[in-house]
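Have a look at the structure below, then the notes.
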């Protein structure tokens, strides 16, 4: 199949910021793209060859869209997986596969998958309803503290909460969930694995994620992680083992905890380009987005090593501001050394909404980290 | 003026490959763009917010387009300059200015500008008609060999020819032209200068251009040029002096000859992103396209130094092929180390037409140059 011809069509489910950045590389390779998204204001509305409006959770919308393309991929997990399965039965190439997505979409199923494949993860219990957690606490089957996670549709820090007392359960969604042992950890790490249908596999360097305490969102991603080679190699091996277990195609971002005694536990995975890989655009020989394309199109994978050190800062809506977005002091941060802002093009800001990110690259990683702090202090995502 | 809001509109005259690459960065910053081009198949048709169909040489088309935007720039010199001048009188920001463009559009005027500003350039004579060259030869006023250059509308190697005998003049355009002394040179060099309205100025490293003997098109661009620091500094100084003389805003690409005795002579300039800067996308801290945006929007300029060595290979249509383009062996070159193809999205190929370029980056510039040779031998731009 000649991907570099207008006879070929790549379908992307989701038109958000990940899709938008992916489109830079489809445009670079002049690959014809069709995007399906539920919002007419989706960042992918421009730069895609065809933009289709439709509900990603609706069987018909996804199935009929998928029938029109040659290869189908996603930029968000919350899509109708039954439609993907039907498309696979029709012989469509769907990466990630419906099987992988089905396992990952439900956090309980995802955790069980790790257990079944002897992949290290924190101990947990599964509950059909939130009320069952309360029962377990009352009859002594569950002790505080623990981490509550909604089984489905959690994103950007939603759907995860540390529970230290019964009152912390108030106002949580009532549905299926898990209670995970709260693991004290030194670092949160991530490794992005790329794999193409021919089986070629590559891993990007291990990155370190610094989280915002309240929002439970990544604040800084640091590449490479400032950890020992032993820990880094262990993390890369576990990421590879996880990728192999899923037998996935495309990118698999594996988020992990480095425990106090340097064990590695898998937190969760995402079968697509990921926030922990944005710095690859400027810092790596191959960006995660180009790599995802190379992988799903069964092209040779690119180099995953770094040209320079990279730090990524998420730009999220400031607390207390909602409405038409304004990027305060963006010109000032562009005056700092090695700084590139990425603005996602969402019109409306709200507290902690991901509106963009800033990459800081430098030969000296610590200097990049210092500048990142300055960026964080300087720019503010507010409303008019 | 807040560029990062949908109230701001950037206008781009020309929708070709330079515009297409510029749009990657307007998308990165979420800057609203309007593109004017004469072809409905222009690469900028997607990824711009508004695509306007119109003749770039037509006063009304350019003027009416320009009235709708806040800042106007170009990706090709052949536009209606009277319209730009009228827009400037109306108070529009036009970068490059009509004055700069008027001087550059006509190669005779451009050469006279260098003479007037004591900028080094090869000796030349100006002729209103090709026939006057023949007269000059006949009455001994002009000796072979010399370089004939059309005063206007030369591009991609057209409009330039080495004349060694009278018959070489056959089939040349009859209009205004210059005859330039054929300078034996060691290297063709280029320096891209960036300047913003506030007067901040930066230069990218000196690059070396290897030309295709027949097509007179750049075949390889090598960054940094493999020349002594003295020669590099001299080239950078002359580029800066040229930029200052034009008092331009945006990018100015200055092409130069390094003579046998290491003098630097200006060949020609382009007031926009340029083929000699494509490797900056992968090799530099700031790509020339992002830098052009930073400059015309009066934002702080980015770092111009390189992360790694870079070599750029132009992908031009192979001789003997015209029609729907096919990129033969593109997957094979993507298997080489540090290789990124850029496909411009032109549907039709013809001999020597610029269809894309390939960047090869490596810590070791000589290794990148070796891989570039392999790329050149492997990929072929042919027709179905």
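Chains as they are written, first to last, in full-length UniProt numbering: chain A, 1 to 384; chain B, 1 to 384.
From the three backbone atoms N, C-alpha and C, an ideal C-beta is built for every residue, glycine too.
Treat the numbers as computed from the prediction; the structure is a model and nothing was measured.
- In chain order, 280, 281 place their CB closer than 6 Å to the CB of residue 287(B), counting only its own chain and leaving out the 5 sequence neighbours on each side.
- Along the segment 293-321 of chain B, the positions whose C-beta sits under 8 Å from a C-beta of chain A are 294, 299, 300, 302, 303, 307, 308, read in chain order.
- Looking at 284(A), 249(A), 283(A), the one whose alpha-carbon comes closest to that of residue 270(A) is 249(A).
- Residue pairing of residue 224(A) in beta bridges, as defined by DSSP: absent, with no partner found.
- Interface residue (Cβ-Cβ distance to chain B less than 8 Å): residue 108(A) is not classified as such.
- Per the Cβ contact rule, the segment 80-93 of chain A is not in contact with the segment 17-35 of chain A (fewer than 3 Cβ pairs under 8 Å).
- Taking the CA atoms as reference points, residue 102(A) sits about 31 Å from residue 349(A).
- Rounded to the nearest angstrom, the Cβ distance from residue 333(B) to residue 378(B) is 5 Å, consistent with a contact under 8 Å.
- Looking at the DSSP output, residue 315(B) shares a beta bridge with 356(B).
- Three or more Cβ pairs closer than 8 Å define a contact, and the segment 3-18 of chain B meets that threshold against the segment 71-85 of chain B.
- Apart from sequence neighbours up to five positions away, the residues of its chain that approach residue 329(A) with a beta-carbon distance below 7 Å are 378, 379, 380, ordered along the chain.
- Scanning the segment 237-312 of chain A for uninterrupted beta strand (DSSP E) segments of 3 residues or longer gives 250-259, 264-270, listed from N- to C-terminal end.
- Identification of residues in the segment 124-150 of chain A having a C-beta nearer than 8 Å to some C-beta of chain B yields an empty set.
- Distance from the Cα of residue 317(A) is smallest, within the candidate group 123(A), 382(A), 361(A), for 382(A).
- By the rule that beta-carbons nearer than 8 Å mark a contact, residue 4(B) touches chain A.
- Close CB contacts of residue 3(A) within its chain, under the 6 Å cut and outside five residues either way in sequence, are with 31, 297 (chain order).
- DSSP places residue 380(A) inside the beta strand (DSSP E), whose first and last residues are 380-383.
- Under DSSP, residue 327(A) forms a beta bridge with 381(A).
- Counting only runs that start and end inside the segment 104-136 of chain B, the alpha helix (DSSP H) elements of at least 4 residues fall at 107-116.
- Taken in chain order, the complete beta strand (DSSP E) segments of 3 residues or longer contained in the segment 146-225 of chain B are 146-150, 160-163, 177-181, 185-195, 201-203, 207-211, 218-223.
- Following the DSSP letters along the chain, one finds residue 50(A) inside the beta strand (DSSP E) bounded by residues 50-53.
- With the rule of 3 Cβ pairs closer than 8 Å, the segment 202-211 of chain A counts as touching the segment 301-320 of chain A.
- The beta-carbon separation of residue 251(A) and residue 291(A), rounded to 7 Å, stays under the 8 Å limit for a contact.
- Under the DSSP assignment, residue 60(A) falls in the alpha helix (DSSP H) whose first and last residues are 59-67.
- Neighbours of residue 8(A) across chain B, judged by C-beta separation under 9 Å, do not exist; the nearest C-beta is about 12 Å away.
- The C-beta distance from residue 384(B) to residue 345(B) rounds to 16 Å, too long to meet the 8 Å contact threshold.
- Setting aside the 5 residues that flank it on each side, residue 260(A) is surrounded in the same chain by 184, 185, 186, each with a C-beta closer than 8 Å to its C-beta; the list follows chain order.
- The C-alpha of residue 262(A) lies about 7 Å from the C-alpha of residue 231(A).
- In this structure, 325(B) is the residue among 222(B), 325(B), 189(B) with its C-alpha nearest to the C-alpha of residue 5(A).
- The beta carbon of residue 371(A) is closer than 8 Å to those of 311, 336, 337, 338, 339, 360, 362 in its chain, skipping five residues each way along the sequence.
- Residue 342(B) reaches chain A at 28, counting residues in chain order whose Cβ is nearer than 7 Å.
- Residue 381(A) is outside the set of residues whose beta carbon lies under 8 Å from a beta carbon in chain B.
- Shown here, residue 351(B) sits in coil according to DSSP, grouped into three states, outside any helix or strand.
- In the structure shown, residue 93(A) falls within a strand segment according to DSSP collapsed to helix, strand and coil.
- Scanning its chain for C-beta atoms nearer than 6 Å, with the 5 sequence neighbours on each side dropped, one finds around residue 191(B) the residues 203, 206, 235, 236, 239, 254, in chain order.
- Closest option to residue 29(A), judged by alpha-carbon separation, among 366(B), 84(B), 355(B): 355(B).
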